[in-house]
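Below: the structure, in structure tokens.
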Amino acid sequence: MTSIEQVKRGKQKANKTHKAVHRLPFTVYPSSHLSPLTSHQLQRYNRNMLIEQIGEEGQKKLSQAKVLVCGAGGLGSTVLTSLASVGIGTIGIVDNDVLELSNLNRQYIHKFENIGKIKVESAKKWINEFNPEIVVNTYQIRLDENNYQDIVKDYDLIMDCFDSFKSKFLLNKIAIETGKTLIHGGVTEFFGQVTTIIPHKTACLNCILPQEDAYVIKGVLSPAVSVIASIETMEAVKVILNIGERLENKFLSYDGLNMKFKTINLARNPDCILCSEK
Amino acid sequence: MNIKINGNDVELEQSSTITQMLQERNVTGIMYVVEKNLEIVPKEKYSQTNIEENDSIEIVGFFGGG
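Protein sequences appear in the order of chains A and B.
The first sequence: position 89 = 181 (this note's numbering), numbered continuously.
The second sequence: position 3 = 70 (this note's numbering), numbered continuously.
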């Protein structure tokens, strides 16, 4: 049986048990602009395409998507490997750091032999070895208000995998100014949060929190990082495919110590200094 | 006055604002989000927002690591 026949059979089977969810208005790629999948992709992503809400059309969208991952540390490790696994076609990686031994309690995309080397190159190597068809662009740079425009403009989505309040609020500002969707995630110790920010449509970080610039090194545990990063990646997939219910105007809070998830409803702040129309 | 905080039953001795409630519970720092009856309370309104009988309050942290 060919991959396509397997996919079709899978879709027929899925049709009997599931109803598609198409509630949200945001579409990254119109179907008419999608390139056909290669034979490699048809085989590689067979199990993705068996999912009714993805199918061959959805896989084409994932393959044409361009996602910018800001931070190649803990969150970045799981976000990058997961984005590569689901078949995102172009991945950008922004990070200015070199790998240190103390990173390796969680930053598993990097190998021990790469200590002292540039993280974006180490992460790119992992992706290239996993799937040489993925286009990987690296930016060894500390992102700031003067250098983001040429980088961000080439991408559909921004993933917040940075490791400080200051850099997270900077990404929030960049997203609002460029209109790019931002999947925010943050984590410390056993705890973390995720929210999906559609500029000028949903609450941004400044709507709900005061700007915070403090940078304090705190403990962080790999499983908590992976949970938050996996949820960020799931949000990215749903945004690209325009499926499901996303964390827009919702703040998903994770407490790994007591194993609790909570979702807080957000609303745009009419007095927000960043995204308010006032 | 009986309310819920993070799903737990809590008895407050007197009427209280969000600010007073946070102080009483030693919630310090600024990086957290407060929801009252499924609606987020803007930070600048904590001192004007009264807590009433049977209110449900959620307080969750905001974490900056990655």
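Just so it is clear, CB atoms sit at the ideal spot from N, CA and C, and this is done for glycine as well.
If you drop the 5 nearest sequence neighbours on each side, which residues of the same chain put their C-beta closer than 8 Å to that of SER214/A? ALA164, LEU191, ILE201, HIS202, LYS203, ASN206
Check for me: the beta strand (DSSP E) holding VAL279/A runs from which residue to which? 273–280
Below-8 Å beta-carbon distance, HIS114/A vs any chain B residue: Unreliable placement is indicated for HIS114/A, whose pLDDT of 36 sits below 50; no coordinate value is reported for it.
Does the beta carbon of LEU79/B come closer than 8 Å to any beta carbon on chain A? no
Reference ALA321/A, options ASP255/A, LEU129/A, GLU221/A, LEU193/A, closest by Cα: ASP255/A
Given that LEU167/A touches chain B, what residues does it touch there, using C-beta distances under 9 Å? Correct list: GLY132, GLY133.
What's the C-alpha gap between ASN117/B and ASN75/B? 19 Å
So ILE97/B contacts chain A; which residues on that side make the cut at Cβ distance below 9 Å? LEU301, PRO302, GLU304
State the beta-bridge partners of GLU340/A as determined by DSSP. THR288/A
Going along chain B in order, which residues have a C-beta closer than 9 Å to the C-beta of GLN145/A? Those within 9 Å of GLN145/A in chain B number zero; the least Cβ separation is about 28 Å.
Measuring CA to CA, which of GLY133/B, THR84/B, GLU106/B, LYS112/B is closest to GLU125/B? GLU106/B
In whole angstroms, give me the CA-to-CA distance for VAL312/A and LEU154/A. 31 Å
Does the distance from the CB of GLY181/A to the CB of VAL161/A come in under 8 Å? no
If you draw a straight line from the C-alpha of LYS245/A to the C-alpha of GLN232/A, how long is it? 17 Å
Unbroken beta strand (DSSP E) runs of length 3 or more, entirely within the region 178–253 of chain A: which are they? Within the region 178–253 of chain A, complete beta strand (DSSP E) segments of at least 3 residues are found at 182–186, 227–231, 249–252, given in chain order.
Leaving out five residues before and five after HIS188/A in sequence, what residues of the same chain have Cβ atoms less than 7 Å from its Cβ? A small fix is needed here, since residue 188/A is Asn in this sequence, not His. Around ASN188/A: GLN232, ILE233, ARG234.
Going along the chain, which residues of its own chain have a beta-carbon closer than 6 Å to the beta-carbon of ARG101/A, five neighbours each way excluded? Confidence is the limiting factor: at ARG101/A the pLDDT is only 48, short of 50, which leaves the residue's position unreliable, though a coordinate-based value still follows. Excluding residues within five positions, none has a Cβ falling inside 6 Å.
Between which two residues does the beta strand (DSSP E) holding LEU160/A run? 158–162
Is DSSP giving ILE70/B helix, strand or coil here? strand
Is the CB of LEU105/B under 8 Å away from at least one CB in chain A? yes
Can LYS354/A and SER345/A be called in contact, C-beta distance under 8 Å? yes
Are the region 335–344 of chain A and the region 355–364 of chain A touching, with three or more C-beta to C-beta distances below 8 Å? Touching, yes, given that three or more Cβ pairs across the two stretches are closer than 8 Å.
Beta carbon proximity, SER123/B to chain A, threshold 8 Å: With 8 Å as the cut-off, SER123/B does not count as an interface residue toward chain A.
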